[in-house]
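Colleague: Counting with my numbering, you get residues 1 to 478 for the letters of the sequence shown.
Cβ atoms here follow ideal geometry from the backbone N, Cα and C, with glycine treated the same way.
Note that the structure is a prediction, hence the values are computed from the model and not measured.
Before anything else, here's the structure in question.
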Amino acid sequence: MSDSVLAIAADVRTGRRSAREVVEASLARIAGGDDIHAFLEVLADAALSRADEIDRSVARGDDPGPLAGVPVALKDNMCTRGIATTCSSRILEGWRPPYDATVVERLRQAGAVVVGKTNMDEFAMGSSTENSCTGPTLNPHDRSRVPGGSSGGSAASVAAGFVPLALGSDTGGSIRQPAALCGVVGVKPTYGLVSRYGLVAFASSLDQIGPLSASVADAALCLEVIAGHDPRDTTSLDGPVPEMLAATDRPVAGKRVGLVTELIEGTAPDVAARVRESADALAEAGCSVEEISIPQFRYGLSAYYLIAPAEASSNLARFDGVRYGLRVDAQDVAAMNVATRTAGFGPEVKRRIMLGTYALSAGYYDQYYAKAQRVRTWVANGFADAYTRFDALIGATTPTSAFRLGEHTADPLEMYRSDTCTVPANLAGHPAISVPFGADGDGLPVGVQILAPPLGEDTMFTLAAALERVAPGVGASR
Ligand code: GLN
1 MSDSVLAIAA DVRTGRRSAR EVVEASLARI AGGDDIHAFL EVLADAALSR
51 ADEIDRSVAR GDDPGPLAGV PVALKDNMCT RGIATTCSSR ILEGWRPPYD
101 ATVVERLRQA GAVVVGKTNM DEFAMGSSTE NSCTGPTLNP HDRSRVPGGS
151 SGGSAASVAA GFVPLALGSD TGGSIRQPAA LCGVVGVKPT YGLVSRYGLV
201 AFASSLDQIG PLSASVADAA LCLEVIAGHD PRDTTSLDGP VPEMLAATDR
251 PVAGKRVGLV TELIEGTAPD VAARVRESAD ALAEAGCSVE EISIPQFRYG
301 LSAYYLIAPA EASSNLARFD GVRYGLRVDA QDVAAMNVAT RTAGFGPEVK
351 RRIMLGTYAL SAGYYDQYYA KAQRVRTWVA NGFADAYTRF DALIGATTPT
401 SAFRLGEHTA DPLEMYRSDT CTVPANLAGH PAISVPFGAD GDGLPVGVQI
451 LAPPLGEDTM FTLAAALERV APGVGASR
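Printed below as a string of structure tokens:
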């Protein structure tokens, strides 16, 4: 692992280390070892000139900000002005956005240095990064295994020590699941806390951007930088942002924590064991921990795999060969649309578009889409009941540790099952974090998930930091 975001920023702000030195070291690690295919593009020249700018501002006596000189990797579904943004899809080949996503602007204003764009499942659809048109990212802990997905490149780039910080997006678990499989911290914020402006939409009512980092405090600091109202995203919350970095130092004694039965049952024995140990550790630290069943969670996955594809089928209609990237010419416009989409989208994206179109079609809408929406409300009610008794909930992030490359590619339902523990928070719009907590019998990282009520990021970070302090190690990566 490279050193922490907090340490780097403190050094660069006070001139103890130059941003150039930090960025050069990150670029050297990437150049020397990205045989795991974490990056789609490394922006060495731009990163170095940005680092020099930061060093000049420090020399002038200015403060470049709370992320001064921190190398950051961005999932390739976040728009970067003039820099290819592909979503790991052929259909966006050659497209260079004319603007930066709000998160990219905010990172830059805080002094961070974008060093590259990371690999992902095409349009963020997947749980292993195997659905990338450029081939999979490998898990740095074991190269025969997947890093999780869809933000697999971002998670692996932090786990491999290429960068101390990366951004991912989480629609049904795509930050937390790869974080768990790669042994790093990953946060899905409250829906609306982070602007989606400039995030290529997958399922707009579920998508949120969040940080991946080696430590809980680093994730909290990053989230403070990227959170906050943005008039360019109509779903952006207009109100105070929870205190997050300060919350990592608060005591946990007295917090009421619910250990969710449905987030343990059906998980691999080693995963269940680590989760129970993490609950014991919180009890030891003075929390009151009790098991609670939220039966609605069993239906989350079915609802998610109707709602997410339905929204995707609509969002992806814009890739028609006219406005973005790839165009395959044919005799008329309709034939051109078909030829472009046939050549441009991979099999999983096509499957989602067809599933979603079917679920929304006349005659099936009530039976599938409308019913899934009712289940979504019912899941949110399950959470609301639980939060009358608990400050936070814990459980597994994923049913298993990192699986082998190719293990689930033949059966999409098997792949979808990786998301069972993560989708409830997306359906309800609540925050959740995955914190590394030891390893399984094969030495592969295990993640524990902490869930909190909307805008309860402060409580979530307090508990996550407490867990991190007592967590058994994952073992050395790479
Ligand atoms: N794995 C889930 C899916 O394939 C979640 C993806 C995500 O969060 N972007 O839809």
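Pull up the CB-CB distance for M78 and A101, whole angstroms please, since I reckon it's below 8 angstroms.
Modeller: Here residue 78 corresponds to residue number 78 of the sequence shown, with the count starting at 1. Here residue 101 corresponds to residue number 101 of the sequence shown, with the count starting at 1. Yes, they are in contact, since the Cβ atoms of M78 and A101 sit about 5 angstroms apart, within 8 angstroms.
Colleague: Taking 7 angstroms as the line, does the beta carbon of F202 fall inside it for any heavy atom of the ligand GLN?
Modeller: Residue numbering aside, residue 202 sits at position 202 when the sequence shown is read from its first letter. Result yes, Cβ under 7 angstroms from the ligand GLN.
Colleague: Under 7 angstroms: does the beta carbon of T171 sit that close to some heavy atom of the ligand GLN?
Modeller: Reading the sequence shown from its first residue, position 171 is the one you call residue 171. Under cutoff, so the answer is yes.
Colleague: Taking 8 angstroms as the cut-off, decide whether the C-beta atoms of R176 and T397 are in contact.
Modeller: Position 176 of the sequence shown, counted from the first residue, corresponds to residue 176. Position 397 of the sequence shown, counted from the first residue, corresponds to residue 397. In contact: R176 and T397 (Cβ atoms closer than 8 angstroms).
Colleague: Using DSSP bridges, identify the partner residues of F39.
Modeller: Position 39 of the sequence shown holds residue 39. The partner list for F39 (beta bridge, DSSP) reads T118.
Colleague: So for F403, helix, strand or coil by DSSP?
Modeller: Locating residue 403 in the sequence shown gives position 403, where the first residue counts as 1. If DSSP states are grouped into helix, strand and coil, F403 belongs with coil.
Colleague: Taking only heavy atoms of the ligand GLN into account, decide whether any of them is closer than 7 angstroms to the Cβ of A372.
Modeller: For the purposes of this step, residue 372 is taken as residue 372 along the sequence shown, with counting starting at 1. Result no, Cβ not under 7 angstroms from the ligand GLN.
Colleague: When you measure from the CB of D419 to every non-hydrogen atom of the ligand GLN, does any distance come out below 7 angstroms?
Modeller: The residue given as residue 419 occupies position 419 in the sequence shown. Answer for D419: yes, Cβ within range of the ligand GLN.
Colleague: Give the straight-line distance between the Cα atoms of V470 and D458, rounded to the nearest whole angstrom.
Modeller: Locating residue 470 in the sequence shown gives position 470, where the first residue counts as 1. Locating residue 458 in the sequence shown gives position 458, where the first residue counts as 1. Whole-angstrom Cα-Cα distance: 19 angstroms.
Colleague: Could you tell me the alpha carbon to alpha carbon distance between P251 and A465, rounded to whole angstroms?
Modeller: By one-based count along the sequence shown, residue 251 stands at place 251. By one-based count along the sequence shown, residue 465 stands at place 465. Rounded to the nearest angstrom, the two C-alpha atoms are 10 angstroms apart.
Colleague: When you compare each of L237, C87 and M354 to G325 by their alpha carbons, which one comes out closest?
Modeller: On the sequence shown, residue 325 is found 325 positions in, with the first residue counted as 1. Nearest C-alpha to G325: C87.
Colleague: Please list, in chain order, all residues of the same chain as Y358 whose beta carbon is under 7 angstroms from its beta carbon, the five residues on each side excluded.
Modeller: Locating residue 358 in the sequence shown gives position 358, where the first residue counts as 1. If we look at Y358 and ignore the five residues flanking it on each side, its Cβ neighbours are Y364.
Colleague: Take the Cβ of R478 as the centre, count every other Cβ of all protein chains shown within 10 Å, and call the residue buried at 16 or more, exposed below.
Modeller: Within the sequence shown, numbered from 1, the residue matching residue 478 stands at position 478. Because R478 carries a pLDDT of 37, less than 50, the predicted location of this residue cannot be relied on, and the following value inherits that uncertainty. Burial call: exposed.
Colleague: Taking 7 angstroms as the cut-off, does the CB of A310 come closer than this to any heavy atom belonging to the ligand GLN?
Modeller: Sequence index remark: in the sequence shown, residue 310 carries index 310 (1-based). The answer is no for A310.
Colleague: Do E414 and E122 have their CB atoms nearer than 8 angstroms?
Modeller: What you label residue 414 is simply residue 414 of the sequence shown in a count that begins at 1. What you label residue 122 is simply residue 122 of the sequence shown in a count that begins at 1. No.
Colleague: In this structure, does DSSP put I450 in helix, strand or coil?
Modeller: As a working mapping, residue 450 is identified with position 450 in the sequence shown. Here I450 sits in strand by DSSP.
Colleague: Measuring CB atoms only, is the stretch 267 to 287 touching the stretch 440 to 454, in the sense that at least three cross pairs come out at less than 8 angstroms?
Modeller: Yes, they touch.
Colleague: Name the residue from E290, M354, A68 and S236 whose alpha carbon lies nearest to the alpha carbon of A308.
Modeller: Taking the sequence shown and counting its residues from 1, the one referred to as residue 308 is at position 308. Ranking E290, M354, A68 and S236 by Cα distance to A308 puts M354 first.
Colleague: Counting C-beta neighbours from all protein chains within 10 Å, is the total for P97 16 or more, i.e. buried, or is it exposed?
Modeller: Numbered from 1 along the sequence shown, position 97 holds the residue referred to as residue 97. P97 should be labelled buried.
Colleague: Let me check you understand the geometry: is the CB of S213 closer than 7 angstroms to at least one non-hydrogen atom of the ligand GLN?
Modeller: Position 213 of the sequence shown, counted from the start, is the residue given in the question as residue 213. No - the ligand GLN has no heavy atom lying nearer than 7 angstroms to the Cβ of S213.
Colleague: Under the rule that 16 or more other beta-carbon atoms within 10 Å means buried, what is D34, buried or exposed?
Modeller: Sequence index remark: in the sequence shown, residue 34 carries index 34 (1-based). Classification of D34: buried, given that the 10 Å Cβ count is 16 or more.
Colleague: Taking 7 angstroms as the cut-off, is the beta-carbon of M479 closer than that to any non-hydrogen atom of the ligand GLN?
Modeller: Examination of residue 479 is not possible in this model, given that the chain is present from 1 through 478 alone.
Colleague: Going by C-alpha to C-alpha distance, which of P147, R351 and R298 sits closest to A312?
Modeller: Counted from its first residue, the sequence shown places residue 312 at position 312. Selected option, being the one with the closest Cα: R351.
Colleague: Under the three-state reduction of DSSP, which class applies to P269: helix, strand or coil?
Modeller: Translated into the one-based positions of the sequence shown, residue 269 becomes position 269. It is helical.
Colleague: What residues in its chain sit with their C-beta under 7 angstroms from that of N315, if we drop five residues either side in the sequence?
Modeller: Translated into positions along the sequence shown, residue 315 becomes position 315. Correct list, in chain order: A201, F202 and S204.
Colleague: So the candidates are K75, G15 and I36; which of them puts its Cα closest to the Cα of S57?
Modeller: Here residue 57 refers to the residue found at position 57 of the sequence shown. Answer by Cα proximity: G15.
Colleague: Identify which residue in Y197, A214 and S215 has its Cα closest to the Cα of A227.
Modeller: Stepping through the sequence shown from its first residue, residue 227 is reached at position 227. Checked all of Y197, A214 and S215; the closest Cα to A227 is Y197.
Colleague: What span of residues does the alpha helix (DSSP H) with Q373 cover, start to end?
Modeller: Walking along the sequence shown from the start, residue 373 turns up at place 373. It spans K371 to A386 - the alpha helix (DSSP H) in which Q373 sits, taken as one unbroken run.
Colleague: Could you tell me the distance, in whole angstroms, from the CA atom of V22 to the CA atom of D55?
Modeller: Here residue 22 refers to the residue found at position 22 when the sequence shown is read from its first residue. Here residue 55 refers to the residue found at position 55 when the sequence shown is read from its first residue. Near 11 angstroms, if we compare the C-alpha coordinates of D55 and V22.
Colleague: Only counting the same chain, and skipping five residues up and downstream in sequence, which positions put a Cβ closer than 6 angstroms to that of R327?
Modeller: The residue given as residue 327 occupies position 327 in the sequence shown. Around R327: G321 and T340.
Colleague: For A279, which residues from the same chain have a beta carbon less than 8 angstroms from its beta carbon, with the 5 sequence-adjacent residues on both sides left out?
Modeller: By one-based count along the sequence shown, residue 279 stands at place 279. Counting only Cβ-Cβ distances below 8 angstroms, and skipping sequence neighbours, we find V257, L259, V289 and I394.
Colleague: Can you tell me where the beta strand (DSSP E) holding R256 begins and where it ends?
Modeller: Your numbering for residue 256 matches position 256 in the sequence shown. It spans R256 to V260 - the beta strand (DSSP E) in which R256 sits, taken as one unbroken run.
Colleague: Taking a contact to mean a Cβ-Cβ separation below 8 angstroms, would you say V194 touches S213 in this structure?
Modeller: In the sequence shown, counting from the first residue as 1, residue 194 sits at position 194. In the sequence shown, counting from the first residue as 1, residue 213 sits at position 213. Not in contact: V194 and S213 (Cβ atoms no closer than 8 angstroms).
Colleague: Can you list, in chain order, the residues of its chain whose CB lies under 8 angstroms from that of E130, leaving out five sequence neighbours each side?
Modeller: Here residue 130 refers to the residue found at position 130 of the sequence shown. Closer than 8 angstroms at the Cβ level, and outside the excluded window around E130, lie D121, P136, V146, G149, L405, G406 and T409.
Colleague: Grab the span of the beta strand (DSSP E) containing V12 for me, first residue to last.
Modeller: For the purposes of this step, residue 12 is identified with residue 12 of the sequence shown, where counting begins at 1. Careful: V12 lies outside any beta strand (DSSP E), inside the alpha helix (DSSP H) at V5 to R13.
Colleague: Enumerate in chain order the residues of its own chain whose CB-to-CB distance from D230 is below 6 angstroms, with the five nearest sequence positions on each side excluded.
Modeller: Taking the first residue of the sequence shown as 1, we reach residue 230 at position 230. Result list for D230: T102, S195, Y197 and S236, in chain order.
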